Amino acid sequence: MPFQVALNFEDGITRFIECRPEETVAEAAYKARINIPLDCRDGACGTCKSRCESGSYDGGDYIDEALSEDEARHGYCLPCQMTPHSDLVLRIPSTSAAAKTGAAAHTAQLAAIRRHSATTVEFTLDVDDRDGLDFLPGQYVNVAVPGTAKSRSYSFSSGPHRRQVSFLVRIVEGGAMSGYLSERARVGDRIEFTGPMGSFYLRELTRPALLLAGGTGLAPLLSMLDRLARQPPAHPVHLLYGVTSDQDLVHLDTLDDHAEAIPGFTFDHCVADPSSNARTKGFVTNLMDAGTLHHGGADVYLCGPPAMVEAVRGHIATLGVTPAGFHYEKFTPATTVVHKASPSAEAA
Ligand code: FES
Numbered sequence: 156m157p158f159q160v161a162l163n164f165e166d167g168i169t170r171f172i173e174c175r176p177e178e179t180v181a182e183a184a185y186k187a188r189i190n191i192p193l194d195c196r197d198g199a200c201g202t203c204k205s206r207c208e209s210g211s212y213d214g215g216d217y218i219d220e221a222l223s224e225d226e227a228r229h230g231y232c233l234p235c236q237m238t239p240h241s242d243l244v245l246r247i248p249s250t251s252a253a254a255k256t257g258a259a260a261h262t263a264q265l266a267a268i269r270r271h272s273a274t275t276v277e278f279t280l281d282v283d284d285r286d287g288l289d290f291l292p293g294q295y296v297n298v299a300v301p302g303t304a305k306s307r308s309y310s311f312s313s314g315p316h317r318r319q320v321s322f323l324v325r326i327v328e329g330g331a332m333s334g335y336l337s338e339r340a341r342v343g344d345r346i347e348f349t350g351p352m353g354s355f356y357l358r359e360l361t362r363p364a365l366l367l368a369g370g371t372g373l374a375p376l377l378s379m380l381d382r383l384a385r386q387p388p389a390h391p392v393h394l395l396y397g398v399t400s401d402q403d404l405v406h407l408d409t410l411d412d413h414a415e416a417i418p419g420f421t422f423d424h425c426v427a428d429p430s431s432n433a434r435t436k437g438f439v440t441n442l443m444d445a446g447t448l449h450h451g452g453a454d455v456y457l458c459g460p461p462a463m464v465e466a467v468r469g470h471i472a473t474l475g476v477t478p479a480g481f482h483y484e485k486f487t488p489a490t491t492v493v494h495k496a497s498p499s500a501e502a503a
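In this text, residue positions in the sequence shown follow the numbering used here: the first is 156, and each later residue adds one.
What follows is the structure, given as structure tokens:
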């Protein structure tokens, strides 16, 4: 049975290919007409060197100049030599354009609109070719706003295994998608989108994880939790969810369900508004100390507006802790644009 290999390019675009256990990832990519960087194809030059972020494989034969022992230990691999033992996620050192591929286009039908509050709406799609859409939990797509020439980026809030896909939208005055969802959207509308994209996705959990969400930045973390509900983690996972006002709080019932279903999963939330009914008022940083970060032994996944992302990074620095892994995504819910900046992962 072939394995699924996610090729995540430098521009965030992700293509999924099938790779049989006896073929190399490079051969499978070639068959899928995706030109990942290759030169010698013999494990000698290192041109194809990529990073495997998830899954197991046989690294194949190569010389030390192409891939050192230390690099191999840190997850680097040679797609021209490696054969999969499981599904894989690879970071490919080129753009999708250089690999002569791009984001896949999809069509769908609007299946449901759920108005959580005046500030937050969720929409759900039936994708026409659902089997042709794969994504990693945490990734996003660019949605063409019906009746306009605009598109907006939204992270999946549903897990990759679900037949229907869902997204959370913060309603902003004058926003293209906000206007559509608030005034014109009808179940049955046709929706087009491209993707998946983004490098903010759940890696294999090899240590505790701290998930941090600001506002509708909860969406990609919900998708990750949906995955963890199916593949329970071997390490504790804690979520801190911060919003501006009580009406921004959504999916607390879903988080309660996950806390029951996912071993080792806990969460807390806070509201910045001093008049809130929430038990904790203020910002997520108020709920974070060195222990929350397992004194540097945790992977951090952070999604929120730029100010929150910067505040969290500053707070972590103040605590004198360097997280084992730090992945973040910023989004800007501006008055007319909902834009998700290129996600990135780096050491804090
Ligand atoms: Fe030369 Fe893979 S293409 S090592």
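Quick reminder that beta carbons are idealized off the backbone N, C-alpha and C, glycines included.
Here the structure is a predicted model, which means the values were calculated and not measured.
Item: Range of the contiguous beta strand (DSSP E) that encloses Met352; Value: 345-352
Item: Ligand 1 heavy atom lying under 7 Å from the CB of Cys174; Value: no
Item: Cβ neighbours of Leu162 in the same chain (closer than 6 Å, five flanking residues each side left out); Value: Arg170, Leu245, Ile247
Item: Pick from Leu360, Ala299, Glu359 that is closest to Ser333, judged by C-alpha positions; Value: Ala299
Item: Length-filtered (3 minimum) beta strand (DSSP E) runs lying within the region 369-411; Value: 392-398
Item: Validate contact between the region 274-283 and the region 175-193 using beta carbons, cut 8 Å, 3 pairs; Value: no
Item: At least three beta-carbon pairs within less than 8 Å, the region 360-376 to the region 438-456; Value: yes
Item: For Pro478 and Pro460, the rounded distance between their alpha carbons; Value: 20 Å
Item: Selected residue, minimal CA-CA separation from Asp444, among Ala433, Gly419, His424, Thr473; Value: Thr473
Item: For Gly293 and Ser430, believed in contact at Cβ under 8 Å, the rounded distance; Value: Going by Cβ atoms, the distance from Ser430 to Gly293 rounds to 33 Å, so no, they are not a contact pair.
Item: Three-pair Cβ contact test at 8 Å for the region 263-272 versus the region 336-350; Value: yes
Item: Distance between Thr250 and Glu165 (C-alpha atoms, nearest Å); Value: 5 Å
Item: With 16 other Cβ atoms within 10 Å as the buried cut-off, status of Ala340; Value: buried
Item: Distance between beta carbons of Phe355 and Asp296, contact taken as under 8 Å; Value: Here the sequence assigns Val to residue 296, which means Asp is not the residue at that position. Actually they do not touch by this definition, with Cβ atoms about 13 Å apart.
Item: Sequence-distant residues of its chain with Cβ nearer than 6 Å to Leu395 (five each side left out); Value: Leu367, Asp423, Val439, Leu442
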